[in-house]
Amino acid sequence: MAFSAFATATATEQAPRRASKVALLLLLPGIAYLMLFFLVPLFSLVITSLQAPAEFGDIGEFDNAFRWENYTTVIGQYSAQILRSFLYAVLATIFALLFSYPLAYFIGVRARPYPLLQKLILVMVIAPFFISFLLRTLAWKQILSDESPVVAGLKALSLLAPDAFLTGTPFAVVFGLTYNFIPFMTLPLYASLERLDTRYLEAGSDLYSTPFTTFRTVTIPLSMPGIVSGVLLTFIPAAGDYVNASREFLGGTGTTMIGNVIESNFLISLNYPAAASLSIILMAVILVLVTAYVKRSGTEDLL
Amino acid sequence: MAAGGFAEAGADLELVGLQKRFPGFTAIEELNLTIPAGSFFALLGPSGCGKTTTLRLVAGLEEVTAGRILIGGKDVTSTKAYQRPVNTVFQSYALFPHMSIIDNVAFGLRRRKIDDAMGKAHEALRLVELDHLAARKPSQLSGGQQQRVALARAIVNRPALLLLDEPLGALDLKLRRQMQLELKSVQEEVGLTFLHVTHDQEEAMTMADTVAVMNKGRIEQLGAPAVLYELPRTVFVANFLGQSNLFSGQVVAENPDSISVDIDGTRIVVPKARAHRTSGHITVGVRPEKLILAREAPVESADNNILGPGRVIDVSFSGVSTQYLIQIPLVGTIVLFAQNMGTGPIVGEGAEVWVSWHVEHGFGLDDEVETGSRFPADTDTATLALQKRHALMSELGED
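Protein chains in written order, with my numbering: chain A, 1 to 303; chain B, 1001 to 1399.
In structure tokens form, the structure reads like this:
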């Protein structure tokens, strides 16, 4: 009796302490991962961005320094590409939202009585993920190329000038970005529209609001969390994307984005400090834009 | 009156041959109903009787299969919900979660571009005594407060017709009583026509001027609460509005102002004026609280119906009254409520008792003995299987 009472008393006392140890143990891999693969690289990126060329070194050899001019130099040199990156990313995000919202609304609200149809369309949205992102973009390059039936057809319909082309134009790059990020926009929108309580829509129409006004004043605000996460998931990777804009894919010399500049500085001109400072600028600008956006849309609890 | 402008007073609602069928079942068979302007009308019935569907049809949230809906004499059958001079207090309240209380209340006014929407919204909130919470979000309010906001959001528009879809269902008993009184006083204050849908018979009876009892897509009986209770027309009404002791038998004698019904050898007298039918096989009844319990055989008189002797099989005490279940041979089980006034016999289980009531308290019902499913024409699989089984069973029974 006495023993068992003692045992239970200690057991209940120790329970929370043991649980916190377990929690720490479980957190350890995650923390170690973040330290190794996020904090260390970030720190080394910051150091690299401030390096100066080695005095008697070869191309690509740099010494640690505090060369703040690296930042002003790249901003001066690549301001056009930086601005273009954000312009393309904003355009792609807007187009993806305009395309995805009706789609997500249809799957999440209208198709509710037909679960099979719902699943079928969701599969159609996700299925392209099973094929490599590069392959899909290359396929679009084929479709939009000068010899393709699409371009020939557009020319035959006089929608395109006889000497015009699509690949290498800003249109093709924004198109590619939009296409590649549509699932990232559609899925969060679907997730929030799927939970939309249609009784609020009925209440709206009961209170004299037309279907359009109900959409504007009830549906959109209630799906705001989905819009915000979809926009973030599209805008952030699109701003740093270098595949769609690269010359091997849909871009041309006039469509270079900041990702392409970083890539060529790192891998071709071996100007590591310039590439590193551009990466940090990209990161900082995205952070500022995203914070401002999230603050404005009133969904701070997402961050 | 539809878009723009306040209704000065309530308008009357007229439903003509209203019918609603969903794939596989009929929600409303045929409904003809006129609700006079300014009245408090309750549609009472069990779940699935079509009362909520009726409300949604009037609000314009469902399309009618056949029939017409007229509000204030104007046909609104083909208009959309947002064009009708009607507002609803939903069962779930459906307050917009992303808007503050005041924005919720002002929503309808803003849509109709009515001047001073904010001032009017505050006024409506003052009416339900919640103006101090105007800046909060619906999720920060209790259920009762949300219900009052939902009411304010509807009445602020001064609709010709206010629809209430079991708005008190989610509240606890005490709050519900309080809200019933408040709703009634608001209705008298603003003079709108209220159409209240509920399955709570007490709620319907305490609040409404007129109650319509609905069952299986039809109105069984319509009238003032006291009339419905005193003189139910059908078995369903007699049992749904309170409890009843019902007996079926043949009418054996007809006097100038009463009829006698033979219940397996016992005669029960019912006043002619209180019987819906006066010949053939009829069902008569009496309310449990009208019965008098006696330990000795009461003196027979022309004014009394006497049943007994019987045996008490169950006694349950419920504060104000005690409920007795009394088994009487050849008649069946009778429910009796006795007020706990300290007078009258107090009997235990197994006691031999007699039951009597004043002839004037009995009533005679109109309907025939139950004739099974009312919608046999519907063709969902369950119904078909059931019909098939009944057919087979009767066939086997005949052989």
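Using N, Cα and C, we set each Cβ at its ideal position, and we do this for glycine too.
Note that the coordinates shown come from a computational prediction; the quantities given were computed from them, not determined experimentally.
The DSSP-derived three-state label of residue 1339(B) is strand. Here the stretch 167 to 184 of chain A makes contact with the stretch 95 to 107 of chain A; the two share three or more CB pairs at distances below 8 Å. Non-local beta-carbon contacts of residue 106(A) in its own chain, meaning distances under 8 Å to residues more than five positions away in sequence, involve 121 in chain order.
Three or more beta-carbon pairs separated by less than 8 Å are not found between the stretch 210 to 220 of chain A and the stretch 140 to 151 of chain A, which leaves the two stretches without contact. Relative to the Cα of residue 1186(B), the nearest Cα in the group 1215(B), 1214(B), 1151(B) and 1174(B) belongs to 1151(B). Contact between residue 1156(B) and residue 1109(B) holds: their C-beta atoms lie close to 6 Å from each other, under 8 Å. In this structure, the CA atom of residue 1075(B) is about 10 Å from the CA atom of residue 1016(B). When secondary structure is reduced to three states using DSSP, residue 1091(B) falls in the coil class, being assigned neither helix nor strand. Remark: C-beta atoms of residue 1064(B) and residue 1020(B) approach each other more closely than 8 Å. Not one beta carbon of chain B lies nearer than 8 Å to the beta carbon of residue 101(A). Using a Cβ-Cβ cut-off of 8 Å, residue 1022(B) does not count as an interface residue toward chain A, since no Cβ of chain A sits closer than that to its own.
Identification of residues in the stretch 1100 to 1119 of chain B having a C-beta nearer than 7 Å to some C-beta of chain A yields 1107, 1108, 1111 and 1112, given in sequence order.
In terms of beta-carbon proximity, residue 218(A) lines the interface with chain B, with at least one pair separated by less than 8 Å.
Cβ contact annotation for residue 1047(B) (same chain, cutoff 8 Å, sequence separation greater than five): 1199, in chain order. By the criterion of a C-beta distance shorter than 7 Å, residue 155(A) is surrounded in its chain by 162, once the five residues flanking it on both sides are discounted. For residue 229(A), the three-state secondary structure derived from DSSP is helix. Judged by DSSP in its simplified three-state form, residue 1214(B) adopts strand.
Residue nearest to residue 1071(B) within the set 1042(B), 1033(B) and 1045(B) is 1033(B) (criterion: CA-CA distance). Closer than 8 Å to the CB of residue 1061(B) there is at least one CB belonging to chain A. Taken in chain order, the members of the stretch 182 to 211 of chain A whose beta-carbon sits within less than 7 Å of a beta-carbon on chain B are 199, 200, 202, 203, 205, 206, 207, 208, 209 and 210.
Note on geometry: alpha-carbon atoms of residue 1275(B) and residue 1302(B) lie some 18 Å from one another. Cβ neighbours of residue 1295(B) within its own chain (closer than 8 Å, five residues either side excluded): 1345, 1347, 1351, 1352, 1353 and 1354.
In terms of Cα proximity to residue 1103(B), the closest of 1119(B), 1062(B), 1328(B) and 1091(B) is 1119(B).
About 6 Å separates the Cβ atoms of residue 1270(B) and residue 1258(B), confirming a contact at the 8 Å cut-off.
Taken atom to atom, the span from the alpha-carbon of residue 1226(B) to that of residue 1205(B) is near 8 Å. Residue 1121(B) does not reach chain A, its nearest Cβ partner there being about 12 Å away, counting only Cβ pairs nearer than 9 Å. Residue 1267(B) is bridged by DSSP to 1262(B).
Counting along the chain, residue 1076(B) sits inside no beta strand (DSSP E), nor does DSSP assign it H or E at all. Looking at the DSSP output, residue 1236(B) sits in no beta bridge, so it has no partner there. When the Cα atoms are used, residue 1223(B) and residue 124(A) turn out to be separated by approximately 58 Å.
Here the C-alpha atom of residue 137(A) lies approximately 50 Å from the C-alpha atom of residue 1083(B). Counted as a single uninterrupted DSSP element, the alpha helix (DSSP H) harbouring residue 1203(B) occupies residues 1201 to 1207. Cβ contact annotation for residue 168(A) (same chain, cutoff 8 Å, sequence separation greater than five): 247, 250, 251, 252, 253, 254 and 255, in chain order. Your pair residue 88(A) and residue 224(A) does not check out as a contact, with CB atoms roughly 25 Å apart and the cut at 8 Å. Under the three-state reduction of DSSP output, residue 169(A) falls in the coil class, being neither helix nor strand. The three-state secondary structure of residue 1316(B), taken from DSSP, is strand.
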